[in-house]
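Notes for the one structure printed next.
Residue numbers (my numbering): 26 to 415.
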């Protein structure tokens, strides 16, 4: 069985300890590859060992020692043995027949150099927007994107690329994410736990960050309350509480908490739910709302919401319209920064149960048909087979 090296961007381990869409994609697909021997290379985390084999997947995780980090990353900034060289060494040790590189095209030069001249085909899989410095075109065989939107963006960035392209979308485990109507007892139990038995729940899941539009969602909430006094807003996502990494996110978290304070228990922050538990919490919602202000690549949360039987209110920007179909499983906003438009869309679904139910059923059927991880993995294996001449 031929080996495939799936290389993560290097920011989170695989499987992820907290929500991380790219690492989730790698974990879900690698565990389902039936025709190949998957090797996953990611970064180390205290909750993950440096090496392990899980579900046939061999994991190798790059670890920087405490002394090295302190000396070369914080004090001198020299970093004589950086991430790309460590990844390249691990890839060379695997001797893969194919490399599936996610986002970090900057790794490719070091990886190629360490393969001792062997011509190994490479799939560069883009999940997010990025910048290319100096117009350098990395050497890869297939350029893949998680959506048509992000693939078009990547093709523009790599304007010298004339090779094959593919869309390898995000996915969802439809056996794990069950629609609300199939698990009514679980829905009631979870709502009792949170004191929301008689509420109409608007659910948000995602990073608490300015581009996600949570401030607009909270600003729209009083408009919803005027027509639906029993409405509640549940926000699930990590709130940055210290200066590690991103001051803007920390300040934004403080802002949205302050904005929500006047509504008391009608607005709940559940902070970060582990990936292994998040499917349960989608069952809280009567609808899912995520008014992203920037063009997202695709948005795995929209597939998870649809799989859970929720109608969706979202932004029309970016690749979201490839996950949410206007009028079929949700409403797309032209101006997601406008609380009036957002509040009106939410109210229209709360006030039309038949329409909401039809959207929920259509969305669930679509993810079963197009976005279950089994179907995504089939597309990946077909792509690999074409590259390897199978």
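For each residue, glycine too, the CB sits at the ideal point set by N, CA and C.
Predicted model only: the values in this text are computed from it and were never measured.
Exposure of residue 223, with buried meaning 16 or more beta-carbon neighbours within 10 Å: Residue mapping note: residue 223 aligns to position 198 of the chain shown, counting from 1. Per the 10 Å Cβ criterion, exposed.
Status (buried if at least 16 other CB within 10 Å, exposed otherwise) for residue 184: Taking the chain shown and counting its residues from 1, one reaches residue 184 at position 159. Exposed, because fewer than 16 other Cβ atoms sit within 10 Å of the Cβ of residue 184.
Which residues DSSP lists as bridging residue 86, in chain order: By 1-based counting over the chain shown, the position of residue 86 is 61. 67.
Element boundaries [beta strand (DSSP E), containing residue 77]: Numbered from 1 along the chain shown, position 52 holds the residue referred to as residue 77. Its beta strand (DSSP E) spans residues 76-79.
Within 7 Å, strictly: CB atoms of residue 342 and residue 324: As a working note, residue 342 is residue 317 in the chain shown. As a working note, residue 324 is residue 299 in the chain shown. Cβ distance not < 7 Å, so residue 342 and residue 324 don't count as in contact.
Those residues which DSSP pairs with residue 189 across a bridge: To locate residue 189, count along the chain shown from 1; it is residue 164. Checking the DSSP bridge columns, you'll see residue 189 partnered with 167.
Residue 235 versus residue 277 - alpha carbon distance: The residue labelled residue 235 in the question sits at position 210 within the chain shown. The residue labelled residue 277 in the question sits at position 252 within the chain shown. If I take the Cα positions, the gap works out to 6 Å.
Same chain, Cβ closer than 8 Å to residue 366, five either side skipped, listed in chain order: Looking up residue 366 in the chain shown gives position 341. Counting only residues of its own chain and dropping the five nearest sequence neighbours on each side, residue 366 has a CB closer than 8 Å to the CB of 358, 359 and 360.
Closest Cα partner of residue 406 within the set 369, 380 and 148: The residue given as residue 406 occupies position 381 in the chain shown. Ranking 369, 380 and 148 by Cα distance to residue 406 puts 148 first.
Rounded straight-line distance, which links the Cα of residue 210 to that of residue 307: Numbered from its first residue, the chain shown carries residue 307 at position 282. Numbered from its first residue, the chain shown carries residue 210 at position 185. It is roughly 14 Å from the alpha-carbon of residue 307 to the alpha-carbon of residue 210.
C-alpha gap between residue 333 and residue 191, whole angstroms: By 1-based counting over the chain shown, the position of residue 333 is 308. By 1-based counting over the chain shown, the position of residue 191 is 166. Residue 191 has its alpha-carbon roughly 28 Å from the corresponding atom of residue 333.
Beta-carbon proximity of residue 260 to residue 313, cut-off 7 Å: Translated into positions along the chain shown, residue 260 becomes position 235. Translated into positions along the chain shown, residue 313 becomes position 288. No, they are not a contact pair.
Integer-rounded CB distance, given that residue 329 should sit under 8 Å from residue 202: The residue labelled residue 202 in the question sits at position 177 within the chain shown. The residue labelled residue 329 in the question sits at position 304 within the chain shown. Cβ-Cβ separation between residue 202 and residue 329: approximately 6 Å, consistent with a contact (criterion under 8 Å).
Cβ separation of residue 32 and residue 87, assumed to be a contact under 8 Å, to the nearest whole Å: Within the chain shown, the letter at position 7 stands for residue 32. Within the chain shown, the letter at position 62 stands for residue 87. Incorrect: roughly 10 Å between the Cβ atoms, too far for contact.
Residue 244 - containing beta strand (DSSP E), residue span: Numbered from 1 along the chain shown, position 219 holds the residue referred to as residue 244. In the DSSP annotation of this structure, residue 244 is not part of any beta strand (DSSP E); the continuous alpha helix (DSSP H) holding it starts and ends at 239-252.
Which residues DSSP lists as bridging residue 360, in chain order: Here residue 360 refers to the residue found at position 335 when the chain shown is read from its first residue. Partner(s): none; residue 360 has no beta bridge.
Pairwise C-alpha distance: residue 81 and residue 42: Taking the chain shown and counting its residues from 1, the one referred to as residue 42 is at position 17. Taking the chain shown and counting its residues from 1, the one referred to as residue 81 is at position 56. For residue 42 and residue 81, the distance between alpha carbons rounds to 20 Å.
DSSP beta-bridge partners of residue 197: Taking the first residue of the chain shown as position 1, residue 197 is located at position 172. BP columns for residue 197 point to 397.
Coil, strand or helix - residue 27 by DSSP: Residue 27 sits at position 2 when you count from the first residue of the chain shown. Looking at residue 27 - three-state DSSP - the assignment turns out to be coil, as it is neither helix nor strand.
Cβ-Cβ distance between residue 28 and residue 146 below 7 Å: In the chain shown, residue 28 corresponds to position 3, counting from 1. In the chain shown, residue 146 corresponds to position 121, counting from 1. Contact: no.
Per DSSP, the bridge partner or partners of residue 36: Here the question's residue 36 lines up with position 11 in the chain shown. DSSP, once it has assigned bridges, lists no residue as partnering residue 36.
Simplified DSSP assignment, three categories, for residue 392: As a first step, residue 392 must be located in the chain shown, where it is residue number 367. Correct three-state label for residue 392: helix.
Strand pairing of residue 73, partner residues [DSSP]: In the chain shown, residue 73 corresponds to position 48, counting from 1. Answer by DSSP bridge pairing, in chain order: 70.
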